[in-house]
Amino acid sequence: MMPPLSRFLPRAASPPPPPPPPPPMIPRRLRAAAAAAAARSSDWGSVDASSPASTSAPSASPPPSSSTPTAPLSPPSASSNAPSLAPLLHLSPCRLFDALAAAAPDDDEERRPSDPSSPLPSDLLLRAYADLALPEKALQVFYLMKGADLVPKIESCNALLSAFSRAHRTDQAWVLYAEMFRMRIPSTVVTFNVMINVLCKEGKLKNAKAFLLVMESSGVRPNVVTYNTVIRGYCSKGKVQMVIDMLDLMREKGIEPDSYTYATLISGMCKQGRNGDASKVFDEMLERGLRPSAVMYNALIDGCCNKGELDVAFRYRDEMIGRGIEPTVSTYNLLIHALFMEGRNFEANALIKEMEGKGLAPDAFTYNILINGYCKEGNVAKAFGLFDEMSNNGIRPTMVTYTSLIYVLCKRSRASEADRMFEEVKEKGLSPDLVMYNALIDGHCSSGNMVRAFELVKEMERTKVAPDEVTYNTLMRGFCLLGQVEEARELIEEMGRRGIKPDLISYNTLISGYSRRGDMKDAFRVRDEMLNRGFDPTILTYNALIQGLCKNGEGGNAEELLKEMVGNGIAPDDSTYLSLIKGLSDGKELIENVDV
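Shown next as structure tokens:
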């Protein structure tokens, strides 16, 4: 017996979908018929507000890399050399449907079953809307067909299911699937593959695997795409062992893994830092005669870069070239980013020149790597020069781009300029995220402008961006710099009320604030609270306390704390020595007597 559909109710949507396919075509005779019917109807003057131009917007930022493979889980677009449906999209689905019905011959052709080469005109309309990424309009056509006792073809339904999946409308996908079930439209392997993909997007991996049994009980045999979909879902959650189990199940069913299967597993292993296992899987794939792809090499290179194994990463780059596989922009992005992270800027710049020499144009991610690298160096001029170059080359800056620039402006005490850029972000239709707010709040806290910092916090609340421990730690540090430690203490209590756990930085910030003010009783009280919460003191904790004790002339207590610090395996640094030498007349002698 087939499990009830209630087992597969929708949850939250998932990561952004791939771009929609090219606009589909509709046969010339149907387009002409619809246009003729439209011309005959005197009351067709209204324009549908939701045209394609208003329903699709470019993505704010591209994906960081293409090291994670993607599979074509959607049915292909129905296209031909016929004219596009686009010129008629100003008409509502209802009017187009009526036009097609009015243009149909009197012999009830529209209601007769049609073979695959001659689908119903309304079917073509449904399919066209789905392939144009207009699923809501396609669903209207679906219900119009149902009301007219017309049964949509399964291929059209599959296209609409895919459109809802790509648009994150998994709830609507389930509604449509239930309607198909009630109308006794038989599911195909494509139908099941799309719905399994929907379950994976919703994070319902157990249900996705169970759906394999639903397929088989319906007489539909899963194919390699089915298994690849489930495997990708498990890899996205880091459940690599489940992927290995799925591979065994595939082979038991007589389905051999393909290159996409291996690419997904390799990517999942590399994301877990299991580079050795990924390399073994890669070798196994080669032994089976499957050709590696740039996506696989990018996954391996990404894994090596994340572990700082740049020599191995470059060996993979050389190997892919040796196999006749040209490195992609993503390949270069991964290597350039890793070089910048290690401070090897000269080599990174050389790699950029090599990339451009091969005719590969930098993308948004390339520019973000470079801009972020120069921002961390504090090189404002170079960072903004790249920002201008990026815009001049027609590449839209992303949230990452703007956040890096706001960060460097704040670090260079140019918070007012950072504010202007922040407003520019909103004017461009982008919604500032938590990272951007935190960077700007940090800039104003560093300059002592707590009023502006809290204005930003209120704006976060209005825009439903929840503050985190970084937000609160930044505000606490701002108050402590102004000597307003009590206000900082209130913030740590507010964190608890909001369900945000104070971290080591929170406690060290308070300890530093009290110690700088010479209020050592409260400083040690916070230290004790920190210990009770399971946090061990760090070099920053001890330095703040020693500095405060020395400032108060409590040399004996400073000496005991120094011994405790060394006893806990924490070596004093320059800041420790400086506090002791400046604060105590016998500081040098004390340092010499402590066995570090």
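Going left to right, the sequence shown walks through residues 1 to 596 as full-length UniProt numbering numbers them.
All C-beta atoms, glycine included, are put in the ideal place defined by N, C-alpha and C.
Give a yes or no on whether the C-beta atoms belonging to K153 and L120 are separated by under 9 Å. yes
Below 8 Å CB to CB, which residues in the same chain sit around E216 once its five sequence neighbours on both sides are set aside? P222
Would you call the stretch 446-466 and the stretch 413-430 in contact, with 3 or more CB pairs under 8 Å? yes
Determine the direct distance from the alpha carbon of V408 to that of C375, and round the result to whole angstroms. 5 Å
Whole-angstrom distance between Q547 and M460, CA atom to CA atom: 36 Å
Under the three-state reduction of DSSP, which class applies to K253: helix, strand or coil? coil
Nearest to R169 (by Cα), restricted to the options K201, T191, S187: K201
Endpoints, the alpha helix (DSSP H) within which A547 is located: The sequence as given places Gln at residue 547; Ala does not occur at that position. Looking at the DSSP string, the run of the alpha helix (DSSP H) that includes Q547 is 539-551.
Counted within 10 angstroms of its Cβ, other Cβ atoms place G268 as buried (16 or more) or exposed: buried
Between the beta-carbon of C304 and the beta-carbon of A313, is there less than 9 Å? yes
With C-beta atoms as the reference, is G478 less than 9 Å away from M450? yes
If we ignore side chains and look at the alpha-carbon of each, how far apart do G308 and A208 end up? 36 Å
Separation of M565 from S236, as counted between CA atoms: 43 Å
DSSP three-state assignment for H337, whether helix, strand or coil: helix
Pick from I325, T471, T328, I352: whose alpha carbon is nearest that of L339? I352
Would you call the stretch 346-364 and the stretch 314-325 in contact, with 3 or more CB pairs under 8 Å? no
Whole angstroms are fine: how far does the CA of R232 sit from the CA of D123? 32 Å
Are the beta-carbon atoms of G378 and A348 separated by less than 9 Å? no
C-alpha distance - L199 paired with Y402, whole-angstrom precision: 35 Å
On the three-state DSSP scale, how would you describe I570? coil
Could you have a look at A53 and say whether DSSP puts it in helix, strand or coil? Only weak support is given to the placement of A53: the predicted model assigns it a pLDDT of 33, under 50, and the value that follows is read from those uncertain coordinates. A53: helix per DSSP, three-state reduction.
Should N193 and V225 be called a contact, given that it needs their Cβ atoms to be closer than 9 Å? yes
Tell me the start and end of each unbroken alpha helix (DSSP H) in the UniProt repeat "PPR" (363-397) that is at least 4 residues and wholly inside, in chain order. 364-377, 380-392
What's the gap between the Cα of L161 and the Cα of V214? 18 Å
Could you spell out where the alpha helix (DSSP H) holding N228 opens and where it closes? 224-236
Determine the extent of the alpha helix (DSSP H) in which M269 is found, giving its start and end residues. 259-271
Between P22 and the rest of its own chain, which residues show a CB-CB distance below 6 Å, the 5 nearest in sequence each way excluded? At P22, the pLDDT of 40 sits below 50, so the modelled position is not reliable; the number obtained from the coordinates is stated separately. Once the five neighbours on either side are set aside, P22 has no close Cβ partner at all.
Quick one: give me the first and last residue of the alpha helix (DSSP H) that R221 is part of. Neither: R221 is in no alpha helix (DSSP H) and is coded neither H nor E.
Alpha helix (DSSP H) containing N473: first to last residue? 469-481
Measure the C-alpha to C-alpha separation of F384 and G359 and round it to an integer number of angstroms. 24 Å
Between E417 and V400, what straight-line distance do the alpha-carbon atoms span, to the nearest angstrom? 17 Å
Taking Cβ positions, are T188 and N228 nearer each other than 9 Å? no
Any idea if L580 is buried or exposed, counting beta-carbon neighbours within 10 angstroms, 16 or more meaning buried? buried
Thinking C-alpha only, which one of R166, Y143, L134, A128 is nearest S156? A128
Got a sec, what are the start and stop residues for the alpha helix (DSSP H) A313 sits in? 310-322
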